[in-house]
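The listed protein sequences derive, respectively, from chains A and B.
Taking my numbering, the leading residue of the first sequence gets 13, the next gets one more, and so forth.
Taking my numbering, the leading residue of the second sequence gets 13, the next gets one more, and so forth.
Number of protein chains: 2
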Amino acid sequence: MRWSKYFIPTLREDPKAAEVTSHKLMLRAGLIQKLAGGLYSYLPLGLRVINKVSRIVRRELNKRGALELLMPVLQPKEIWEKSGRWETMGPLMMRFTNREEKCFVLGPTHEEIITGIVAKSIRSYRDLPKNFYQIQTKFRDEIRPRFGVIRAREFIMKDGYSFHATEESANREYKIMYQAYSDIFKRCGLEARPIEADTGIMGGRQSHEFTVPAAAGEDIIVSCSKCGYSANAELAARRMAPVRTEKQTILKMEEVNTPDMKKVDDLARFFRCGSDRFIKTLIYEANGKPVVVLARGDIDISEAKLRMVLGAGDAVLAGDRVIEGVTGAPVGFAGPAGLAGIEIIADQSIQGLVNAITGANKKDKHIKNVNIEKDFKVDRFVDIGIAREGDLCRQCGEELKLSPGIEVGQVFKLGKKYSEKLGAVYLDKKGNINPMIMGCYGIGISRTVAAIVECHNDKNGIKWPVSVAPFKVLIIAINYNKPEIKEASDSIYNNLEKEGIEVLFDDREETAGIKFKDGDLVGIPFQVVVGKKYLVSGMIEIKKRADGCSEQVSIESVVPEIKKRIGQ
Amino acid sequence: MRWSKYFIPTLREDPKAAEVTSHKLMLRAGLIQKLAGGLYSYLPLGLRVINKVSRIVRRELNKRGALELLMPVLQPKEIWEKSGRWETMGPLMMRFTNREEKCFVLGPTHEEIITGIVAKSIRSYRDLPKNFYQIQTKFRDEIRPRFGVIRAREFIMKDGYSFHATEESANREYKIMYQAYSDIFKRCGLEARPIEADTGIMGGRQSHEFTVPAAAGEDIIVSCSKCGYSANAELAARRMAPVRTEKQTILKMEEVNTPDMKKVDDLARFFRCGSDRFIKTLIYEANGKPVVVLARGDIDISEAKLRMVLGAGDAVLAGDRVIEGVTGAPVGFAGPAGLAGIEIIADQSIQGLVNAITGANKKDKHIKNVNIEKDFKVDRFVDIGIAREGDLCRQCGEELKLSPGIEVGQVFKLGKKYSEKLGAVYLDKKGNINPMIMGCYGIGISRTVAAIVECHNDKNGIKWPVSVAPFKVLIIAINYNKPEIKEASDSIYNNLEKEGIEVLFDDREETAGIKFKDGDLVGIPFQVVVGKKYLVSGMIEIKKRADGCSEQVSIESVVPEIKKRIGQ
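1. Please list the terminal residues of the continuous alpha helix (DSSP H) segment that includes V85(A).
2. Is any beta-carbon of chain A found at less than 7 Å from that of P482(B)?
3. Tell me the rounded alpha-carbon separation between G325(B) and P302(B).
4. If you measure from the beta carbon of S133(A) to each beta carbon in chain B, is any gap under 7 Å?
5. Would you say D153(B) reaches chain D, if we count a Cβ-Cβ gap shorter than 7 Å as a contact?
6. For F345(B), which of helix, strand or coil comes out of DSSP?
7. Candidates P495(B), I295(B), K428(B): which alpha carbon is nearest V334(B)'s?
8. Excluding the 5 residues preceding and the 5 following R251(B) in the sequence, name in chain order all residues of the same chain whose CB lies nearer than 6 Å to its CB.
9. When DSSP labels each residue in this structure, what does R520(B) get in the three-state scheme?
10. Looking at the structure shown, is Y18(B) part of a helix, part of a strand, or coil, going by DSSP?
11. For the putative contact between V69(B) and I418(B), defined by C-beta atoms under 8 Å, what is the C-beta separation to the nearest angstrom?
12. So S458(A) and I168(A) are in contact, right, with Cβ under 8 Å, and what is the actual spacing, rounded?
13. Examine the ligand ADP and report whether any of its heavy atoms sits within less than 6 Å of the Cβ of N63(A).
14. At what residue ranges does the segment 299-368 of chain B contain a whole run of the beta strand (DSSP E), taking only runs of 3 or more?
15. What does R111(A) touch in chain B if you count any residue whose Cβ is under 8 Å from its own?
16. How is the beta strand (DSSP E) around S242(B) delimited, first residue to last?
17. Taking V117(B) as the query, report the chain A residues whose CB atoms sit under 7 Å from its CB, ordered along the chain.
18. Taking DSSP as the reference, what is the three-state secondary structure of R111(B)?
19. To which residues of the same chain is V515(B) closer than 8 Å at the C-beta, ignoring the five residues directly before and after it?
20. Would you call the segment 435-446 of chain B and the segment 276-296 of chain B in contact, with 3 or more CB pairs under 8 Å?
21. To the nearest angstrom, how far is the alpha carbon of Y241(B) from that of L306(B)?
22. Please classify R400(B) as buried or exposed, where buried requires at least 16 neighbouring CB atoms within 10 angstroms.
23. Roughly how many angstroms separate the alpha carbons of V540(B) and N491(B), rounded to a whole number?
24. So which residues on chain B does I125(A) lean against when the C-beta distance must stay under 9 Å?
25. Which full runs of the alpha helix (DSSP H) of 4+ residues lie inside the segment 404-455 of chain B, going along the chain?
26. Give the range of the beta strand (DSSP E) segment to which R205(A) is assigned.
27. Out of curiosity, what's the CA-to-CA distance linking V366(A) and I262(A)?
28. Name, going along the chain, the residues of the segment 64-92 of chain B whose beta-carbon falls closer than 9 Å to a beta-carbon of chain A.
29. So, at 6 Å on beta carbons, what are the nonlocal neighbours of V390(A) in its own chain, with the 5 sequence-adjacent residues on each side left out?
30. For a contact defined as C-beta to C-beta under 7 Å, what are the partners of R165(B) on chain A?
31. Is G50(B) buried or exposed, if buried means 16 or more other CB atoms sit within 10 Å of its CB?
32. Could you please give the first and the last residue of the uninterrupted beta strand (DSSP E) stretch that includes S607(A)?
33. List the residues of chain A whose Cβ lies closer than 7 Å to the Cβ of P21(B), in chain order.
34. D277(B): buried (16+ other C-beta within 10 angstroms of its C-beta) or exposed?
35. Got a sec: is the Cβ-Cβ distance from P120(A) to anything in chain B below 7 Å?
36. If M106(B) sits next to D153(B), beta carbons under 8 Å apart, how far is it from one beta carbon to the other, in whole angstroms?
In structure tokens, the structure reads:
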């Protein structure tokens, strides 16, 4: 492809709104262009990378027997009502009413649809297992889309779904997909770590996220350097560091006026102490009834852990009315002392707290000098806090490390959640009808591209791994209007094309400076420079973008050298 | 691919709701499955054909220098307001409001977006021309989706847009795309006829539709077998057959009571005459003012022709108030006699009418014995009727033929409509700023697949052309559990795979009858039968699905014979 005929609108300056490296570089290198918040066009160069990643995904999945299909973007409301997710998906799901007043979902995921297809078409254990996938544009109504294509309103996903007659078969497929994902990300030049993750809105029983360590990541990877345990912060099994023994005398509870002070931060200022002196008291609803959840004031509660601890499909913060019913006070003044007839569970973080501060279950009042056992009882001490720096590994006691990462894929064991609700059943060998066991497997294709850029760049631009590079070779012809330069670079270009090597040819009437700058910015792995040196000595420079190493070769050696380097 | 591992849910019976052959066969052969009205999933076999057609499209377009990109599905309202189409697109365009109350369009077409991209990135004549395209899912809120993927709410389109500095360049590209389209459809095994077409909602100045003759088509192709002229019925330049001279005496106008009778059909029953005795009188609004449009009662008016005749961007039927203002009567009783101060244009169909019937411009009254010149004057006689059987070619006078067709592609000269509104301008050699000239080019990818099925089938199923077949070869192993059959068919399968030939291998535990039926239904071009004959004589049957011709070959000859036939 000749640059002069192509479309790579590179930018000299960092776009103002771009916060993270990949976003800046993807805009500057002309890979994407912004249409509106969270909506991007993939320009020709960007689409080539999307296609490269998609091809790797397809190859690894097809090799493992997964079957590609394509389901509609628009999904009728009724099928989401059947699965129960019309209610639970919340405002992140885009919903659309057509001119006949029919409601549709703009597909964020396709469990309902694929389960419907299988329910219609598969009857016997003989036709199982099956693993389907698609690569498709998906939608999420992000309130704060950001970081370019990392958190967008519209993005390209690979979503896959498997169906099984037995748990063993489902577990086997989970492992196969886990391995496929490891291979895919490796091929894409990413060190994606599989970490334990929450099943969230998908439901199901086990899940791993594949997360790429990167400063721009919104996920937190929690890992133990000693035993190798890793999980996301929501789910990481942690132990608190040993509590410093508090030698204080246990005092008597005392009510304090705290008008309009509902937040731990405000209260900490008022009481002139750290937020770790507070017992935060939250009322959740799970399994159809309220439950009191306690944690130290500086600890965030993980709803994922809470769901697991409570054995509940869902655990949500109770509404104002329920809270007032439980505490007898308006929201913001709840405390464990004096509550009766309700389960109280507490994060381990409050163990060892002496003379703590809590709400008084009265408007505008808090209590100081509250003590466990003396002033209230805890039914269960559990691990429901989000992991923090300083927490210890529950497996081996080593201090956990926290680092940011970009989630690029996730695999789930779904169990029978969807097959039971949507009638995906099969006849077993004995003629009995059973619901199928399901798995589901996602990869963010567009996000993977951003993660690659995030991990492969320097101050001058992108450094594409060969496997996903939009072109393998960039020919930079300096003074292309000089007949010798034209002849030599044209001939290299034609020979590379003839060999089926993807080559971009900078034949523009631009200065050497601009060409080198743009070349480094768009990051094609090998630069072939036809310039002054060629005129003087007949030598061509081959430069590797990744490490900047360059070599001089004769014009005849260019094609064989390139072939050797890209392993083609 | 082994059938036993694949997913081809064939159906024995024609699905009830399917009206046309392609719809029936695509459902029965397991290419698609219905999710809801106008929404279909492409099952693995169907997706393979979509990909084959897409690949042909890409190859022909890339060869001609078009650049592939991918734009968002969601498009903000604001850019459609800028182009003026937020108003004019009507209810066919799906609109969606997100949780922040922002309005979006679910892209039915992308003129606004691509013009925005070009406006941001291209400044100089040196960077022109450019031709961009994408292959993407598109949306239309069809009231009556039907014929499977032929008229769906969600469908796959190739849409392309070119940008030029000069009219000559735009015209050249139009011809290049016209030729590309001809080549694409030919490669897909379709005889698509380029016919003159309306520019419709796209606007612009010239357009050709590529239409495949097929009984299931919703378009009407009008063609002249003598001079080769062809166009769609909306646009076909026609002449009426010579009017039989009416020897009747010209009578005096006479008012008749026609209470509540507004429609030509009702009136024809009442007056006991044909609808061709009426002069239909319609009030349109164009260029900001009303105009009276006349046609014989049995002729439908083409708004496309009307727009051209009036030189108007838009011509719409006037509302009740305007009609009452013009005629002084409620809607349904308009007639030309007595109207003053307004332009009256008439389709040529009313020429020669004697003692016709028209509205009286009074409530519940019509007039009989109305005559041109005597009772009213026509400003212009023009061709604004939709072509009908019996009409003559305006070029050569031969009788025009009408036949149904499926529109699979369309090319448009857009001119400056979008570039002016959206600021896609360039600096010419002299440093002057000019709006770019645009073209746009669409292909219905999913509809093309349906058209191929519509044109290539018999009573037993589909007969895929080799170029778009999901697999080239189907191995039918009869009694696969017999060791000799298994060994022979496995070896043919492995050898074909090794040669990179796309092969589907029916290794199921099914009867020969079911395998042959399914084989003919899914329509893979070459069937390789390993059965009883192989056990008896060592011979394998190669059958061509298209014509049913078969040949016996030795097992060693299968691969070379197949390679010869598919030209690989």
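Where is the CB? At the ideal position from N, CA and C, for every residue including glycine.
Model, not experiment: these values are computed from the prediction.
Taking the geometry as given:
1. Per DSSP, V85(A) belongs to no alpha helix (DSSP H) and is neither H nor E.
2. no
3. C-alpha separation (whole angstroms): 14 Å.
4. Interface residue, yes.
5. Although the question refers to chain D, the structure presented lacks it and instead comprises the protein chains A and B.
6. coil
7. I295(B)
8. L404, R406
9. coil
10. coil
11. Distance from V69(B) to I418(B) at the Cβ level is roughly 17 Å; contact not present, criterion being Cβ atoms closer than 8 Å.
12. 4 Å
13. As for the ligand ADP, it is missing from this structure, which has no ligand bound.
14. 301-308, 327-329, 356-359
15. P103, D153, I155
16. 242-244
17. Within chain A, no residue comes near V117(B); the closest Cβ sits about 11 Å away, beyond 7 Å.
18. coil
19. M13, F483, K484, V485, L486, I487, Y505, L508, E509
20. no
21. 27 Å
22. buried
23. 14 Å
24. L47, S53
25. 429-434
26. 205-208
27. 7 Å
28. So the list reads G77, L79, E80, L81, L82, M83, P84, V85, L86, Q87, P88, E90, I91, given in the order they occur along the chain.
29. I356, A358
30. Those within 7 Å of R165(B) in chain A are L86.
31. Label assigned to G50(B): buried.
32. This structure gives no information on residue 607(A), because the portion of chain A shown stretches from 13 to 580.
33. S133
34. exposed
35. no
36. 5 Å
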